[in-house]
Amino acid sequence: MEKLMSVCKLWKIACTLLVTVPGYVKCLPVEGVQPCTAGGRAKYSMVFTGKWTQSAFPKQYPLYRPPAQWSPLIAVSHSSDYHMWRLGEYASNGVREFVEKGEAWGLMKEVEAAGEKIQSVYGIFSAPASTSGTEQTSTEFEVHPRHSLLSFMARIVPSPDWFVGRDSFNLCEGNHWKEQVSVDLYPHDAGTDSGFTFSSPNFATIPQETITQITSSSPNHPANSFFYPRLKHLPPMARVTLTKLRDSRVIGISTVQSNLLPMGNEIDDSISETPLDCEVSTWSSWGLCMGKCTQMGSKHRTRYIRLKPANNGNPCPTLEEEKECVLDNCV
Ligand SMILES: [Ca+2]
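Numbered per mature numbering (1 follows the signal peptide of the UniProt record, and there is no 0), the sequence shown spans residues -27 to -1, 1 to 304.
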């Protein structure tokens, strides 16, 4: 709640950043981005739906202190010469603070600086934090033909430096604005903390690595919270739906208010279940040979369950083994 309040405070500052770029701004064509010739600005609603359920992501699903949830979502409408974050590039300090601690100040400052310096940012806005993995939050925002790209991110809580988001999603299509579009979101690693699990202690990555997408097989390490060797692809962790609003008049600051939808935990489509196989430790060493001197003795070794199976994953194998042995103190 405190974090939410602080973002709401940030908000007022952020709102002043809503840069209405006056006059002609020279826009250099950037590879892959089609010039937008839509007639005017457009207003959109943005609904973020968490899909981080225990059935879709059973491995190490955070249940306590804190349970699975999302930070506020920070988003920017901008032109192609600005990037909030990019796959394969290093996270900025502001992004690092946001994805590791949920602190948005640094990131807001960076956006503000980009807005002032290269006039590449049209607006910054945020949707409130979620208190569960499956909540919905929403906000509204505006785009401009010269600033038709949307970038956003929300921190996965708890996590070392993981987030979901999208870089430079273009809402313009030639001479018109897209009416409605949904985007599935997958986990990313900011490359700034080396923790392997949701609740790993803070452990800075030195030297810093670039931003990567986390998949069911990468990082390829059984300890990783998203490592599901039986899955080809991870299920989406969240979805964002962007809907063009009919009334596209500029209403000033009120257009960037954010609010919680009163819908609570709703997941519209089928709940995916990810099988989680049992994981056991290595065997202990064999125990002493025990028994009566008139017959063969027996010895035992054991192993323990590291990860309980879920959603019809492979059951646990036997945890105890017995072997015949010759008693060595029978004469
Ligand atoms: Ca990392």
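Where a beta carbon is used, it is the ideal one built from N, C-alpha and C, also for glycine.
Quick caveat: nothing in here was measured; it's all calculated off a predicted structure.
Per-residue DSSP class, three states only, for residue i
i	result
E297	strand
I136	According to the sequence provided, residue 136 is Phe. The question's Ile does not apply to it. In this structure, F136 counts as strand in the three-state DSSP scheme.
E146	strand
Q42	strand
H194	coil
C289	coil
K205	coil
H56	coil
Y37	coil
E246	coil
D241	With a pLDDT of only 47 at D241, under 50, the local geometry of the prediction cannot be trusted, and the value read off the model is given with reservation. It is coil, neither helix nor strand.
Q230	Below a pLDDT of 50, predicted positions are generally treated as unreliable, and Q230, at 35, falls in that range; the measurement from the model is reported next regardless. Residue state, collapsed to three classes: coil.
I47	strand
A29	coil
A177	strand
Q153	strand
S172	coil
S141	strand
V(-7)	Low local confidence applies: a pLDDT of 39 at V(-7) is under 50, so the model's placement there is unreliable, and no value is given.
N302	coil
V3	Because the pLDDT at V3 is just 49, under 50, the model does not fix this residue reliably, and the value given afterwards should be weighed accordingly. Here V3 sits in coil by DSSP.
P235	Legend: pLDDT at P235 = 39, less than 50; position of this residue unreliable, value from coordinates given subsequently. Three-state DSSP puts P235 in coil, outside helix and strand.
Bounding residues of the alpha helix (DSSP H) (the contiguous stretch that carries residue i)
i	result
W78	78 to 91
G67	66 to 74
Beta-bridge pairing of residue i - partner residues as DSSP gives them
i	result
T22	Q109, R212
D162	W135, T185
E252	L280
K217	Y17
F114	Y17
S103	W43
Start and end residues, beta strand (DSSP E) containing residue i
i	result
A100	94 to 100
residue 306	Examination of residue 306 is not possible in this model, given that the chain is present from -27 through 304 alone.
I278	278 to 280
H273	270 to 275
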